[in-house]
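Counting from 1, position 114 in the sequence shown corresponds to residue 114 in UniProt numbering; the numbering is continuous, with no gaps.
Note that beta-carbon positions come from the ideal geometry of N, C-alpha and C, so glycine has one too.
Fair warning: this is a prediction, and the values are worked out from it, not measured in the lab.
Below you'll find the structure, written out as structure tokens, and then a few comments.
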Amino acid sequence: MSLHRRCLRLLALLFCGLLLGSTAMAQTAPATAASTQAGARETEITPASAATRLAQQQARLDAIRQRITPQSSDSDLGDLYTQTSQLNDDAGDLLAALTPLQNQLRSALEVLGPAPAKGAPAEAPELAKRRADLNRRKATVDTQVAQVQDLRHSLSTLSRQITNQRRRVLRSELARPTISVLDPDFWSPALHPGAQDRQRLGDFAHAWGQALTQAWSGPRWPLTSLLVLAAILIWLPGLRWLEAQLSRLCIQRLPVGRLRRSALAMAVALSSVLAVGLAAELLYLAFARQLATDDGLTDFARTVRGTAIACALVAGLGRALLSVHRPSWRLPAIPDPVANVLGIYPTLIAVLAMAFGTLEQINSAVGTSLPVTIFGNGLVSLILSVTLLTAVIRARRIRRQLNPPGESSTTEQDRVHLLPPLLYLVVIISLGALLLGYISLARFMVYEMIWFFIVIATGYLLDRLATDICQTLINPGPDAERPWLSRLTGLPDDWLDASGTVLTAIIHVTLVMLCLLALFGGHFDNDPATLFRGAMSALGGDALKQFRIMPMQVLDSLLALILGGYLLRTLRHWLEGSLLPKTRLDTGMQASLVMLVTNIGYVVIALAALNALGIEWERLAWIVSALSVGIGFGLQEIVKNFISGLILLTERPIRVGDMISIAGPVQGDVQRINVRATEILLSDKSTVIVPNSQLISGNVRNITMGHAQGLVTIAMTFPLDTDPAAVKAILLDCFARETTIVAQPATSVSFTDLNASGMTLSVTGYVASPRQISASKSALLFEILRCLREHGIALSSPQSLVIQNNSPATPEPARADTGAVLPGPATDP
């Protein structure tokens with residue numbers, strides 16, 4: 001017989017024992033109540049004394065409520081629970097004493113009979129007085145009975161609240177010892193349950209029995225039968241049908257590769273959750289619709305439904321990751337023998353978690369005593385720990401057979417090999433805690449291990465699926481055709497590859513953050529809505545609460561940014577390609593106008609995104625204040641350049657395409673005027689970045705402003721014996737033949753200087769643009785030199801002073817040791 005079958009038989013025996021104990025509780029509860037009522041009938045009471053006792057009991061209830069706080073310890077809660085139980089017994093005694101008095105007054109009124117009808121003969125005054133007195137006393141007793149019943153209901157609710165709080169304290173105080181599983185007192189709640197626990201379990205079973213009877217009785221049974229039948233069909237054959245349909249869809253619609261494997265694994269997990277979740281919802285509708293008037297039973301049904309979905313997720317994730325029947329679909333690097341051994345355990349653990357989770361919810365709904373709660377927690381921890389221990393031992397035995405010592409393994413296999421030792425350590429700690437009496441610690445370790453598996457497995461599947469989707473859309477592989485996203489957008493493949501890498505990293509980091517938040521902020525009993533609220537609380541904190549930022553507002557803000565960017569891009573292309581070319585504006589003005597509209601558009605988009613985000617402007621006052629301080633200290637130059645750029649774009653003292661000259665050897669064409677700086681292209685094709693504030697506050701020479709003409713000036717020096725008139729004619733003739741020289745203003749020759757070295761003549765002419773000065777001057781110099789040589793006119797040569805020494809040099813005596821000539825004395829010329 002296999003090990004898991006033995007575990008299942010042991011589990012069945014334990015459940016049978018628990019059911020027999022519950023039946024004994026239900027049978028003994030009426031007898032106990034009957035004996036209590038029999039003893040209570042012997043008590044004599046009057047309405048006056050009942051009112052006094054009722055006021056005292058109400059005061060005791062108020063005092064108990066005031067002592068219950070979230071910071072109360074377990075010992076304080078235990079004392080309050082004892083006081084509540086005693087007060088409940090006293091209220092029961094009072095109700096038992098008032099019930100005979102109420103019946104006695106009712107019988108007396110029935111003996112007197114009804115009052116005479118209107119128009120009938122009047123009865124004797126003594127009878128009328130007697131009837132009025134009995135009615136008054138009966139009304140008082142009826143009121144007191146109703147008050148006592150309300151008091152007992154409040155005490156029952158308060159007792160459950162105290163028990164639940166003690167249960168939470170017990171779970172939170174992990175280092176608090178309670179009782180060992182080896183102690184016979186640990187098993188006493190199952191063998192000898194208390195009278196109060198039996199009564200509460202009997203009431204709970206009776207309430208559910210009534211609900212089931214109502215669901216199957218009268219005109220309700222057809223709908224109930226239909227819902228139950230639909231739930232069974234969806235749970236058993238529907239699960240396999242849904243999994244087959246999702247798998248067929250993945251195979252037919254997705255390309256061969258990693259995406260298909262990850263999508264198939266996700267389909268297996270989702271099919272389990274969807275099928276079990278839908279079946280649980282149908283069962284909830286079939287039976288829980290009769291519980292609308294009982295909030296406790298309704299909450300219990302909802303909690304059991306959520307536990308069923310969580311257990312279905314455990315089973316689905318195990319089936320998806322192990323993939324026993326389809327080894328080629330398996331994502332983690334788990335050998336087939338190990339997967340075959342572990343294949344039964346995810347479903348077994350899910351079934352155990354569902355069964356014991358239901359028992360714990362029954363304890364919570366009924367409000368059983370603390371020993372029963374400790375017994376339930378210990379039993380859950382013991383059976384789940386033993387189940388996990390058998391799984392680890394069997395998996396490690398198979399791995400030792402498959403991987404002898406000394407063999408190498410891959411990195412993914414190393415990561416997978418880390419899980420069994422971690423699970424083994426947790427199970428050993430849990431079993432040790434059970435033996436030492438730390439029941440809360442054992443339960444915490446077992447349930448956290450199951451929660452750890454859910455979070456890590458879900459995060460792993462989502463990460464693989466998101467990564468494979470990005471890789472398939474952006475870079476399907478070297479043998480595949482061009483990526484679909486590249487064909488759609490027309491972007492280069494390297495850009496898409498880089499974008500895919502960044503997007504994959506963002507998704508990976510986001511999933512890791514969500515998994516960490518789920519691990520440290522959630523547990524097995526949480527539903528997705530609770531986890532989402534916890535993640536938002538952890539990520540947002542008090543700041544997001546103050547700004548009142550909601551997830552839908554974040555989506556609206558992102559949508560505003562995307563749509564605004566698209567509209568601004570479209571508007572810019574329309575201005576550049578359609579509207580502005582049809583106007584009389586020059587190219588520089590068009591570029592400046594487009595830049596100005598773009599900057600304004602960015603500001604409008606930012607404001608629209610903040611508005612969609614729901615940020616109120618008065619809440620940004622501190623940001624404006626911080627910016628003001630920053631501007632005053634470190635951002636002064638940036639703001640000054642920004643304002644100067646706006647001035648340049650509006651007043652346009654310089655334009656794109658103008659040739660300007662600023663301080664230093666900076667002269668070139670304006671290529672672009674940005675908000676912060678201006679780009680100037682020099683003659684050597686290099687670019688100079690000039691801050692806009694320097695163009696506003698400094699001296700700038702705009703050479704081409706107003707379509708100015710270029711001035712070509714050439715100065716030449718001739719010998720004194722040269723004919724100036726002939727030279728003037730030659731210069732004017734050369735300038736007249738140059739095509740770039742304009743007729744107006746006319747070319748002129750000026751006699752600018754006369755000295756001993758010669759006479760200087762300067763010829764001046766104008767060209768259409770300053771950009772033509774250099775080329776025109778070079779061509780004129782070539783032509784002028786040629787003409788001067790043809791006419792035999794030379795330029796003046798610079799005079800030089802030559803000092804010549806005509807006296808003979810005195811020989812210098814030679815040194816005897818080296819033979820070198822010594823320098824002689826200098827002589828004047």
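#### Entry: Own chain partners of Thr-28 with C-beta closer than 6 Å, once the 5 adjacent residues on each side are dropped
Here Thr-28 scores only 41 on pLDDT, less than 50, and its place in the model should not be relied on; the value that follows carries that caveat. Taken in chain order, the residues that qualify are Arg-198.
### Task
Mind checking which residues open and close the alpha helix (DSSP H) that includes Pro-724?
724-737
### Cα-Cα separation, Val-690 to Ala-768
28 Å
### Message
Let's test the definition: count the other Cβ atoms within 10 Å of the Cβ of Gln-471 and tell me whether it reaches 16, buried, or not, exposed.
### Response
buried
### Task
Check Leu-54 in the structure and name its three-state DSSP category.
helix
### Message
Pairs of beta-carbons, one from the stretch 134-148 and one from the stretch 64-78, closer than 8 Å: are there three or more?
### Response
no
### Query
For Thr-458 versus Leu-226, is the C-beta spacing smaller than 8 Å?
no
### Message
Which residue wins for smallest C-alpha separation from Ile-362, given the options Ala-207, Ala-51, Val-338, Thr-46?
### Response
Ala-207
### Query
Which runs of the beta strand (DSSP E) spanning at least 3 residues fall entirely within the stretch 578-610, listed in chain order?
none
### Query
Taking Cβ positions, are Ala-275 and Ile-234 nearer each other than 8 Å?
yes
### Task
Quick one: give me the first and last residue of the beta strand (DSSP E) that Glu-576 is part of.
Here Glu-576 belongs to no beta strand (DSSP E), and DSSP marks it neither H nor E.
### Message
Just to check my reading of the structure: Val-273 and Ala-320 have Cβ atoms closer than 8 Å, yes? What is that Cβ distance to the nearest angstrom?
### Response
So it is not a contact: roughly 11 Å between Cβ atoms.
### Message
In the DSSP output, what is Leu-511 paired with across the bridge?
### Response
According to DSSP, which records beta bridges pairwise, Leu-511 is partnered with nothing at all.
### Message
Only counting the same chain, and skipping five residues up and downstream in sequence, which positions put a Cβ closer than 8 Å to that of Asn-699?
### Response
Ile-662, Ala-663
#### Entry: Helix, strand or coil at Asn-674 [DSSP, three-state]
coil
### Residue range of the unbroken beta strand (DSSP E) whose run includes Ser-714
For the record, residue 714 in the displayed sequence is Ile; it is not Ser. It spans 710-718 - the beta strand (DSSP E) in which Ile-714 sits, taken as one unbroken run.
### Task
In the DSSP assignment, find the unbroken beta strand (DSSP E) run with Ser-364 in it and report its ends.
Taken as a continuous stretch (DSSP letters only), Ser-364 belongs to no beta strand (DSSP E), being part of the alpha helix (DSSP H) at 345-366.
### Message
Between the alpha carbons of Thr-740 and Asp-669, how many angstroms are there, rounded?
### Response
21 Å
### Task
Kindly give me the distance between the Cβ atoms of His-508 and Asp-468, rounded to whole angstroms, as I take these residues to be in contact under 8 Å.
Not a contact, Cβ separation roughly 12 Å.
### Query
For Tyr-284, does the three-state DSSP call read helix, strand or coil?
helix
### Task
Could you tell me the boundaries of the alpha helix (DSSP H) in which Leu-402 lies?
370-402
#### Entry: CB-CB length for Gly-367 against Arg-160, believed under 8 Å
3 Å
### Task
Kindly give me the distance between the Cβ atoms of Val-603 and Leu-575, rounded to whole angstroms, as I take these residues to be in contact under 8 Å.
Not really, about 17 Å apart at Cβ, beyond 8 Å.
### Query
DSSP state of Met-449, grouped into three classes?
helix
### Query
What are the boundary residues of the alpha helix (DSSP H) that includes Phe-751?
Segment 748-755 is the beta strand (DSSP E) holding Phe-751; no alpha helix (DSSP H) there.
### Query
Starting from Leu-246 and walking both ways along the alpha helix (DSSP H), at which residues does that stretch end?
237-253
#### Entry: Asp-89 versus Gly-601, Arg-330, Gln-196, Thr-178, residue with shortest Cα-Cα distance
Gln-196
### Task
Take the Cβ of Ala-34 as the centre, count every other Cβ of all protein chains shown within 10 Å, and call the residue buried at 16 or more, exposed below.
Because the pLDDT at Ala-34 is just 39, under 50, the model does not fix this residue reliably, and the point stays unresolved.
### Task
Could you pull the start and end residues of the beta strand (DSSP E) that Pro-691 belongs to?
687-691
### Task
Report back the beta-carbon spacing between Gly-194 and Ser-440 to the nearest angstrom; my notes put them in contact at under 8 Å.
With 8 Å as the limit, Gly-194 and Ser-440 do not qualify as a contact, their Cβ atoms being about 21 Å apart.
#### Entry: Same chain, Cβ closer than 8 Å to Leu-682, neighbours up to 5 away in sequence not counted
Val-666, Gln-667, Gly-668, Val-688
### Message
Would the stretch 298-312 count as touching the stretch 373-381 if we require 3 or more Cβ pairs under 8 Å?
### Response
no
### Task
Could you check what DSSP says for Val-181 in three-state terms: helix, strand or coil?
coil
#### Entry: Cβ contact (3+ pairs, closer than 8 Å) linking the stretch 773-781 and the stretch 720-730
no
### Message
Which of the three DSSP states is assigned to Arg-655 in this structure?
### Response
coil
### Message
Can you check which of these residues, Leu-379, Arg-305, Gly-378, Gly-257, is closest to Trp-329 by C-alpha distance?
### Response
Gly-257
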